[in-house]
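**Q** If you're matching them up, the sequences are chains A and B in order.
Just so you know, we're using the working numbering here: the first sequence kicks off at 1 and counts up by one.
Just so you know, we're using the working numbering here: the second sequence kicks off at 1001 and counts up by one.
From the three backbone atoms N, C-alpha and C, an ideal C-beta is built for every residue, glycine too.
There are 2 protein chains.
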Amino acid sequence: MRIVVLTGGIGGARFLLGVRAHARAIGADVTAVVNVGDDVRMHGLQICPDLDSVMYTLGGAADPERGWGRVGETWVVKEELAKYGVEPSWFGLGDKDTATHLVRTTMLNAGYPLSAVTAALCERWQPGITVLPASDDRLETHVVVDVDGERKAIHFQEWWVRYRGELPTHRFVFRGAESAKPAAGVLDAIAAADVVLIAPSNPVVSIAPILAVPPLREAVANGPAPVVGVSPIIGGAPVRGMADRCLATLEVEVSAGAVGRMYGPRAEGGLLDGWLVDESDAGAEVPGVRTRAVPLWMRDEVATARMVEDALELGGVS
Amino acid sequence: MRIVVLTGGIGGARFLLGVRAHARAIGADVTAVVNVGDDVRMHGLQICPDLDSVMYTLGGAADPERGWGRVGETWVVKEELAKYGVEPSWFGLGDKDTATHLVRTTMLNAGYPLSAVTAALCERWQPGITVLPASDDRLETHVVVDVDGERKAIHFQEWWVRYRGELPTHRFVFRGAESAKPAAGVLDAIAAADVVLIAPSNPVVSIAPILAVPPLREAVANGPAPVVGVSPIIGGAPVRGMADRCLATLEVEVSAGAVGRMYGPRAEGGLLDGWLVDESDAGAEVPGVRTRAVPLWMRDEVATARMVEDALELGGVS
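1) Between Ala1099 (chain B) and chain A, is there a C-beta pair that is closer than 7 Å?
2) Give me the Cα-Cα distance between Gly1059 (chain B) and Thr100 (chain A), rounded to the nearest whole angstrom.
3) Please state the DSSP three-state secondary structure of Phe1091 (chain B).
4) What does the alpha-carbon distance come out to for the pair Gly1008 (chain B) and Ile1198 (chain B)?
5) Just how far apart, CA to CA, sit Val76 (chain A) and Thr1074 (chain B)?
6) Would you call the segment 199 to 212 of chain A and the segment 119 to 126 of chain A touching, i.e. three or more CB-CB distances under 8 Å?
7) Tell me whether Gly260 (chain A) is buried or exposed, calling it buried when 16 or more other Cβ atoms sit within 10 Å of its Cβ.
8) Among residues of its own chain, excluding the 5 on either side of Lys181 (chain A), which ones have a beta-carbon nearer than 8 Å to its beta-carbon?
9) Classify Ile1129 (chain B) as helix, strand or coil using the three-state DSSP reduction.
10) Anyone know if the C-beta pair for Val1289 (chain B) and Trp1275 (chain B) falls short of 7 Å?
11) Cα-Cα, which of A:Pro224, A:Met298, A:His170 and A:Met107 is closest to Ala248 (chain A)?
12) Would Gln46 (chain A) pass as a contact of Arg104 (chain A) if the rule is Cβ separation under 7 Å?
13) Grouping DSSP H, G and I as helix and E and B as strand, with all else coil, what is Arg1266 (chain B)?
14) For the candidate residues B:Asn1222, B:Leu1296 and B:Trp1090, whose alpha-carbon lies nearest to that of Gly1320 (chain B)?
15) Out of A:Gly72, A:Ala256 and A:Ser318, point me to the one whose CA is closest to Ala293 (chain A)'s CA.
16) Span of the beta strand (DSSP E) holding Asp29 (chain A)?
17) List, in chain order, every chain A residue whose beta-carbon is nearer than 8 Å to that of Tyr1084 (chain B).
18) Given a threshold of 16 other Cβ atoms within 10 Å of its Cβ, counted over all protein chains shown, does Lys78 (chain A) qualify as buried or as exposed?
19) Under the DSSP definition of a beta bridge, which residues are partnered with Val1086 (chain B)?
20) Check the Cβ of Gly1044 (chain B) against every Cβ in chain A and list those closer than 8 Å, keeping chain order.
21) How big is the Cα-Cα spacing for Ile159 (chain A) and Ala208 (chain A)?
22) Please confirm if Thr304 (chain A) has its CB atom under 7 Å from at least one CB of chain B.
23) Checking contacts by CB at 7 Å: is Leu1081 (chain B) closer than that to chain A?
24) Rounded to whole angstroms, what's the CA-CA distance from Gly315 (chain A) to Ser206 (chain A)? Just pull it up for me.
25) Using the Cβ count rule (16 or more neighbours within 10 Å means buried), how would you classify Glu166 (chain A)?
26) Run through the segment 1115 to 1202 of chain B for me and flag every whole alpha helix (DSSP H) of 4 or more residues, listed as ranges in chain order.
27) So what's Gly1229 (chain B) in DSSP terms, helix, strand or just coil?
28) Just checking my contact of Arg1020 (chain B) with Gly1128 (chain B) at CB under 8 Å: how many whole Å lie between their CB atoms?
29) With respect to the alpha helix (DSSP H) encompassing Arg1020 (chain B), which residues constitute its N-terminal and C-terminal limits?
30) Counting only Cβ pairs nearer than 7 Å, list the residues of chain A close to Lys1096 (chain B).
31) What is the C-beta distance between Pro1238 (chain B) and Pro1232 (chain B), in whole angstroms, given that I count them as a contact (C-beta under 8 Å)?
32) For a quick check, are the C-beta atoms of Val1317 (chain B) and Val1196 (chain B) less than 7 Å apart?
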């Protein structure tokens, strides 16, 4: 069996631990198509937070407390940059992380596409799945906000890390998405998939930038494989992160049902065949989509693998 | 009084401590024209070892034991790069140093010349003198060697750090020097100087690359200011570093007199008006050049400042 997962963020990386565990149990192949909208160049370094979260989490090197970045991280480079007075100073640039960014940036500057760079980095991390960026092209999530009395678009990282989303926020823009092509391997993986899973990632800033690449969305929405999403909202609140703030910007209710309806049924131009929600959201209504309520807390790898098993069942491919 | 110092390497940086001390005592201005032949791009970072040695040493942040790099340095980035298996792995890339390189590289990539970047970095280090790279243009010292049975040119850093100079070595090549222009401010400083000092740096790989820039050598050799050199050789051996290996490659004897003769008297197309040697080299003969023997060990800032005072006297400008 071939499983493709659309994913981003820390929740998405943790979901992949369960996907990998269940895939090993049933002998399935997994390809993760990872959000690149968070990617940003800072201090000359190309930083790909979501790809790194996947590599570090599946490579057993993620910081379990902080969620992002490396366990045992140190911060000498960041402190020194601050002493030089160079901006941005608000970004969490760890020393171990810096090495990852240096390797990546050097390869990108030498002309390798991000997908090839990611494959090279994964030689170290051995994630046990295929990790693909959604696109090799530049695609950045920007956020239209009011800051210091002025309306402007800032990079998603600035909105998220510097301002913790606490600015009057008008909309999210996926710069470059319209002309971006899916990265090498992405369309083939989707075409060959037995099922496509949408991870319980932030639908607005982790999943939407992936689907903003027109041929990618087209391949998922009109492909042969059933599509099953896993709700990132449990009991009216995001499991982690700031999906509530993001959904509010879109004037979408913070509920499992509303997110399912936002993705929408395939029959009506949406994405979903199935929508897995938490037991506490058993009443969620997503017309035209098979829903099922199971425990959705990713307490550990075993619990997460069970969610994946449930998602495959809901997609009719278990 | 205006003093210009041609300098490179760790010995040159330490000499500048004495120049600054004496200049403060007599109310003189100092401009250091620093070797850039050691500069190298590694892991996408533009590294300028000699400029950094000057900044860190005069900024009070140099490691006193190791000689190069920052005191209290850590090595997380370097260890991580090694775990990714990327080369070169033999270069001493410290975490604090990495921040300097990131700031520099970002500014260079944004189009600022190295002289402007150096001035910006010096805002942090407050060296108390003007620090100029010899050139804003690319100029790299390469070394023609036999390695693994093959004759090839390797970067100076590879020769020096990786191989410790222990390869059959044929010659040094200053790539880019012929077409390089002196950096902004260099020719003005030399034209306005009351004296030009040649630091007791390695003459072959620290001073020669500076003088390999034709208009720069021309400005020193035919300028109005007297030129006084300080011998890097004491009692037939280099004070520090590998000047002996470098001189051997040029078939120049390792002695204070031979280095003085290599620089040569101005009257015969050379550089020197005066040549300061150590007491133990009192018999050194440099025809056409005023020589003087004084204690040349840079034991501390006071002893070094006295050497500078002696050099100015020898140049007739004290």
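**A** Judging by the given coordinates:
1) As a working mapping, residue 1099 (chain B) is identified with position 99 in the second sequence. Closer than 7 Å: yes.
2) One-based indexing of the second sequence puts residue 1059 (chain B) at position 59. One-based indexing of the first sequence puts residue 100 (chain A) at position 100. Those two C-alpha atoms are separated by around 30 Å.
3) Mapped onto the second sequence, residue 1091 (chain B) falls at position 91. Residue state, collapsed to three classes: coil.
4) By one-based count along the second sequence, residue 1008 (chain B) stands at place 8. By one-based count along the second sequence, residue 1198 (chain B) stands at place 198. Rounded to the nearest angstrom, the two C-alpha atoms are 10 Å apart.
5) If you number the first sequence from 1, residue 76 (chain A) lands on position 76. If you number the second sequence from 1, residue 1074 (chain B) lands on position 74. Roughly 8 Å between the two C-alpha positions.
6) no
7) Taking the first sequence and counting its residues from 1, the one referred to as residue 260 (chain A) is at position 260. With 16 or more other Cβ atoms within 10 Å, it is buried.
8) As a first step, residue 181 (chain A) must be located in the first sequence, where it is residue number 181. Cβ neighbours of Lys181 (chain A) beyond the five flanking positions: Ser135, Asp136, Asp137, Val213 and Pro215.
9) Working through the second sequence from its first residue, we reach residue 1129 (chain B) at position 129. Note: Ile1129 (chain B) maps to coil in three-state DSSP.
10) Position 289 of the second sequence, counted from the first residue, corresponds to residue 1289 (chain B). Position 275 of the second sequence, counted from the first residue, corresponds to residue 1275 (chain B). For Val1289 (chain B) and Trp1275 (chain B), yes; Cβs fall inside 7 Å.
11) The count along the first sequence starts at 1 and reaches residue 248 (chain A) at position 248. Closest by alpha carbon: A:His170.
12) Here residue 46 (chain A) refers to the residue found at position 46 of the first sequence. Here residue 104 (chain A) refers to the residue found at position 104 of the first sequence. Contact flag set, yes.
13) Taking the second sequence and counting its residues from 1, one reaches residue 1266 (chain B) at position 266. Three-state DSSP puts Arg1266 (chain B) in a helix.
14) No information on residue 1320 (chain B) is available, as it lies outside the stretch 1001 to 1318 that chain B covers here.
15) Reading the first sequence from its first residue, position 293 is the one you call residue 293 (chain A). Ranking A:Gly72, A:Ala256 and A:Ser318 by Cα distance to Ala293 (chain A) puts A:Ala256 first.
16) Looking up residue 29 (chain A) in the first sequence gives position 29. Element bounds for Asp29 (chain A): Asp29 to Val34.
17) In the second sequence, the residue the question calls residue 1084 (chain B) occupies position 84. Residues of chain A passing the Cβ test: Ala99, Thr100, Val103, Leu121 and Arg124.
18) For this step, residue 78 (chain A) is matched to residue 78 along the first sequence. Buried, since its Cβ has 16 or more Cβ neighbours within 10 Å.
19) In the second sequence, counting from the first residue as 1, residue 1086 (chain B) sits at position 86. Answer is none; Val1086 (chain B) lacks a bridge partner.
20) As a working note, residue 1044 (chain B) is residue 44 in the second sequence. Here the neighbours are Gly44, Leu102, Thr105, Thr106 and Asn109.
21) Position 159 of the first sequence, counted from the first residue, corresponds to residue 159 (chain A). Position 208 of the first sequence, counted from the first residue, corresponds to residue 208 (chain A). The question names Ile, yet the displayed sequence has Trp at residue 159 (chain A). In a straight line, the C-alpha of Trp159 (chain A) is about 17 Å away from that of Ala208 (chain A).
22) Locating residue 304 (chain A) in the first sequence gives position 304, counting from the first residue. No, its Cβ sits nowhere closer than 7 Å to a Cβ of chain B.
23) As a working note, residue 1081 (chain B) is residue 81 in the second sequence. It does; some Cβ of chain A falls within 7 Å.
24) To locate residue 315 (chain A), count along the first sequence from 1; it is residue 315. To locate residue 206 (chain A), count along the first sequence from 1; it is residue 206. In a straight line, the C-alpha of Gly315 (chain A) is about 22 Å away from that of Ser206 (chain A).
25) As a first step, residue 166 (chain A) must be located in the first sequence, where it is residue number 166. Glu166 (chain A) comes out exposed.
26) 1186 to 1192
27) Here residue 1229 (chain B) refers to the residue found at position 229 of the second sequence. Gly1229 (chain B) falls in the strand class under three-state DSSP.
28) By 1-based counting over the second sequence, the position of residue 1020 (chain B) is 20. By 1-based counting over the second sequence, the position of residue 1128 (chain B) is 128. Arg1020 (chain B) to Gly1128 (chain B), Cβ: 5 Å. Contact.
29) Within the second sequence, numbered from 1, the residue matching residue 1020 (chain B) stands at position 20. Counting along the chain, the alpha helix (DSSP H) containing Arg1020 (chain B) begins and ends at Gly1009 to Ile1026.
30) Walking along the second sequence from the start, residue 1096 (chain B) turns up at place 96. Those within 7 Å of Lys1096 (chain B) in chain A are Val76 and Glu80.
31) Along the second sequence, one-based indexing puts residue 1238 (chain B) at 238. Along the second sequence, one-based indexing puts residue 1232 (chain B) at 232. The Cβ separation is near 6 Å, so the contact holds.
32) Along the second sequence, read from residue 1 onward, the residue named residue 1317 (chain B) stands at position 317. Along the second sequence, read from residue 1 onward, the residue named residue 1196 (chain B) stands at position 196. No. Outside cutoff.
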